[in-house]
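What follows is one structure encoded as structure tokens, with my remarks underneath.
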Amino acid sequence: MKYRYLILIVFYALTSNFAQNIMVNQVGYIINREKIVYFTSTADSFYVTGNSNDAVLFSGKVEVSKLNDAASGANIYFGDFSSFNTSGTFKIKTNTGDSSYSFDISLNPFNDVYNKSLKGFYFQRCGTPLLESNAGKYIHPACHLNDGLFHTTTGLNGSKDVTGGWHDAGDYGKYIVNSGITVGTMLMGYEQFPENFRNDDLNIPESGNSIPDLLDEVKYELNWMLKMQDSDGGVFFKVTPENFSGFIMPNTDNSTRYIYQKSTAATGDFAAVMAMAARIYLPFDSAFASKCLSSAENAWQYLQANPSIVPAGGFHNPSGTVTGEYGDNNDSDERLWAAVELFNTTDNSTYQSYYLSNYQSAGMIYYAMSWGNVTSLAQMEYLLSQQSDADAAAKNNIKTSLINYCNQLYNTAGNDGFNVTLKTTDYNWGSNAVVLNNAVLLIIGYKLTGNMNFYNTALEQLNYILGTNINDYSYITDVGSKYPMHPHHRPSASDGIVEPVPGLMAGGPNHDLQDNVLNTLYNSSTPPARCYVDDQGSYASNEIAINWNAPLVFAAGYFSGTKNISDLKSKTGSIPNNFRLGQNYPNPFNPQTIIPYKMKNSGNVRFTIYNILGCRIFSKTIHGNRGNNSFVFNGAGLNSGIYFYQMKTDNYTASKKMIILK
Ligand SMILES: [Ca+2]
Ligand SMILES: [Ca+2]
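First residue of the sequence shown: 1, per my numbering; consecutive thereafter.
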């Protein structure tokens with residue numbers, strides 16, 4: 001009896017750890033868009049079958065994506081079924097007997113992800129009861145109605161009403177800097193693609209009021225942020241207890257919660273999002289919009305009165321406080337963002353002058369935005385400015401840097417087994433949000449250029465989050481077939497309901513292993529993309545946070561707005577996934593540059609360089625290997641200028657532009 005039990009345990013362990021050799025987007029794929037499935041075992045062929053039968057509806061060849069893929073530590077193979085465009089629910093199977101989770105193919109497979117990820121913010125609401133009519137079984141009475149007492153660091157006595165807003169993450173704290181990037185990302189999504197975010201039927205208390213529910217939900221947070229501003233325009237940093245509460249429901253958390261001192265980083269973020277709100281809410285609620293604008297301008301006055309960072313060195317927890325610190329010793333990016341949004345809303349030259357004097361020293365778009373560094377967000381918002389007197393040269397500089405960054409992401413993805421835009425060193429705390437913030441940048445890059453490489457790479461990032469990853473997880477609660485059941489999230493842990501609160505994204509793989517659960521399971525030689533565990537104790541890989549859900553709302557909302565094939569801006573650069581001509585780097589260059597390219601099979605490839613007049617100035621046939629390759633071109637002896645390089649194989653041709661600058 002005992003022996004049989006042991007066998008069962010071993011069998012369970014094997015099946016639960018190694019259930020799938022096939023990784024699909026567990027939600028689905030869009031009709032007439034790229035559709036890629038990944039495999040961790042070799043097979044010759046794969047098949048698309050019905051969900052509950054074996055009828056083969058499409059068959060394709062299994063190809064190498066990346067052998068010895070560094071991030072996952074495995075050989076990764078892929079299959080391309082982009083040309084299968086039947087609506088329905090399907091599975092992928094292989095000739096070796098593996099079978100995938102089911103997935104949909106439809107025009108709008110991501111509607112449900114978008115709705116759930118936005119509704120996830122509703123479940124984070126503080127200071128209001130979650131009622132059954134909106135929350136279903138995830139109800140609780142109003143919480144934290146005594147927020148908050150002034151902490152001694154404010155130099156103030158007594159208390160101020162700072163109720164409302166969203167709980168920040170797995171804890172019940174409320175932090176202005178993290179609210180800033182969260183609200184900014186969501187409002188940017190709405191402003192750039194309003195038709196995709198117009199729905200008013202999310203079943204939140206404000207559904208059906210003819211105002212998009214995204215704006216209603218964000219307004220719940222903005223109303224709290226407004227309460228966090230002091231009379232001099234400065235904004236208090238956070239509202240938290242001194243120590244994190246236990247894993248209890250929010251309405252039973254009776255800890256004393258304090259308002260901490262003002263900060264210029266918080267004030268900069270506040271000014272930026274209030275300025276955005278002032279223009280975005282104007283058609284719906286002009287009184288609210290004007291309140292947001294005057295609050296933003298007052299915040300700007302505080303920044304002018306305090307040209308050095310406040311507090312000195314950035315916010316640090318005072319002795320006795322251990323809640324989130326969000327330490328940031330550089331507030332120049334927050335100030336820059338504030339100036340951009342105030343300019344975009346008011347067209348006041350003061351703000352543009354500040355921006356133009358500071359935008360270059362802030363740096364261009366070199367990395368995804370984060371709570372501590374909003375430079376890329378600030379630069380992108382200036383690039384997208386509708387003001388007719390926005391500086392064309394500055395916009396052009398930013399556009400170039402955005403396109404270069406998108407090309408870099410595309411090349412990084414091309415070198416990864418699952419086409420994810422992370423390098424092996426990028427699997428840090430909240431890596432899933434970096435993936436999706438990269439998707440946001442790629443979506444804006446696509447909007448401005450029509451380059452399908454950017455579109456497809458953005459979509460591949462969402463695929464990764466929804467299941468095409470080595471852990472075989474959809475990282476969003478209640479989305480897909482295999483998702484986190486034990487997030488580091490107090491309500492999910494304490495509500496007595498087996499299913500976690502829906503629509504929340506786990507932080508994802510984190511090779512820095514900053515919690516004991518990760519530390520026990522993995523070590524420094526674990527491939528970074530595997531450093532994830534669905535365990536409540538793993539706050540470093542399995543916590544949820546509002547700033548991580550925000551780019552998910554953006555990306556899922558953007559792709560759920562797909563209407564039909566014709567809404568694709570352009571087919572420029574649309575190429576099969578298994579051949580790729582990458583952007584050269586460095587670019588501009590002198591005299592050498594590297595041209596990355598990817599081959600479906602090993603074989604000959606011809607590179608030809610043309611000058612701007614179309615004259616051929618160089619041509620060479622070389623042997624390329626299956627997978628990723630690069631070709632070094634030496635432009636010594638050529639004049640400065642624009643050139644075109646072309647890659648040609650038997651059945652694939654592509655060309656790109658490069659610049660020699662001497
Ligand atoms: Ca509404
Ligand atoms: Ca900063």
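Even glycine gets a Cβ: it sits at the ideal position worked out from N, Cα and C.
If you're wondering where the values come from, they're calculated on a predicted model, not measured in any experiment.
First and last residue of the alpha helix (DSSP H) that includes residue i?
| i | result |
| --- | --- |
| Y190 | 176-192 |
| S65 | Where S65 is concerned, there is no enclosing alpha helix (DSSP H), although the beta strand (DSSP E) it sits in stretches over 63-69. |
| D269 | 264-280 |
| M225 | 213-227 |
| S87 | That residue, S87, is in no alpha helix (DSSP H); it is neither H nor E in DSSP. |
| A312 | Run containing A312: none; DSSP gives neither H nor E here. |
| G557 | 546-560 |
| T421 | Segment: none, T421 is in no alpha helix (DSSP H) and carries neither H nor E. |
| E297 | 286-305 |
| S361 | 349-362 |
If you measure between the beta carbons of residue i and residue j, is that distance less than 8 Å?
| i | j | result |
| --- | --- | --- |
| L237 | Y260 | Here the sequence assigns Phe to residue 237, which means Leu is not the residue at that position. Their beta carbons are under 8 Å apart, which means F237 touches Y260 by this criterion. |
| K61 | S45 | yes |
| F90 | V37 | no |
| D168 | G268 | no |
| I595 | Y558 | no |
| I92 | L187 | no |
| N251 | C143 | yes |
| S465 | L436 | One point to set straight first is that residue 465 is Ile, not Ser, in the sequence displayed. Yes, Cβ-Cβ distance for I465 and L436 is below 8 Å. |
| A497 | K119 | Per the sequence shown, the amino acid found at residue 497 is Ile instead of Ala. Cβ atoms of I497 and K119: not closer than 8 Å. |
| N306 | T345 | no |
| D333 | T400 | no |
| G184 | F197 | no |
| M276 | A299 | no |
| F607 | I622 | yes |
| Y597 | N629 | yes |
| M647 | V605 | yes |
| S247 | S494 | What sits at residue 247 in the sequence shown is Phe, not Ser. In this structure, S494 lies closer than 8 Å to F247 by Cβ. |
| G508 | N432 | yes |
| Y351 | A362 | no |
| A393 | L342 | no |
| D331 | I365 | no |
| W337 | L377 | yes |
At a cut-off of 7 Å, would you count residue i as near ligand 2, judging by its Cβ distance to the nearest heavy atom?
| i | result |
| --- | --- |
| G372 | yes |
| E195 | no |
| E217 | no |
| N306 | no |
| N330 | yes |
| A265 | yes |
| E325 | no |
| E341 | no |
| E478 | Reading off the sequence shown, one finds Asp at residue 478, where the question assumed Glu. For ligand 2, not one heavy atom lies less than 7 Å from the Cβ of D478. |
| E334 | yes |
Using only the heavy atoms of ligand 1, determine whether one of them is closer than 7 Å to the beta carbon of residue i.
| i | result |
| --- | --- |
| I280 | no |
| P212 | yes |
| E460 | no |
| E221 | no |
| E543 | no |
| N584 | no |
| N209 | yes |
| D200 | yes |
| E206 | yes |
Return the first residue and the last residue of the beta strand (DSSP E) that residue i is part of.
| i | result |
| --- | --- |
| N629 | 627-634 |
| Q592 | 592-599 |
| T240 | 238-240 |
| M647 | 641-649 |
| R606 | 603-611 |
| I660 | 652-660 |
| K620 | 616-624 |
| A74 | 74-80 |
| V113 | Run containing V113: none in the beta strand (DSSP E); it sits in the alpha helix (DSSP H), 111-123. |
| G28 | 28-30 |
| I105 | 103-106 |
| T49 | 45-50 |
| Y38 | 36-39 |
Write down the C-beta distance between residue i and residue j rounded to the nearest angstrom, noting that I regard them as a contact closer than 8 Å.
| i | j | result |
| --- | --- | --- |
| G641 | N611 | 7 Å |
| T94 | A43 | 4 Å |
| D534 | H489 | Not quite, the Cβ-Cβ distance comes to about 12 Å (not below 8 Å), so this is no contact. |
| N625 | M599 | 7 Å |
Would a check of beta-carbon distances place residue i closer than 8 Å to chain D?
| i | result |
| --- | --- |
| I612 | Absent from the structure is chain D; it holds one protein chain and no more. |
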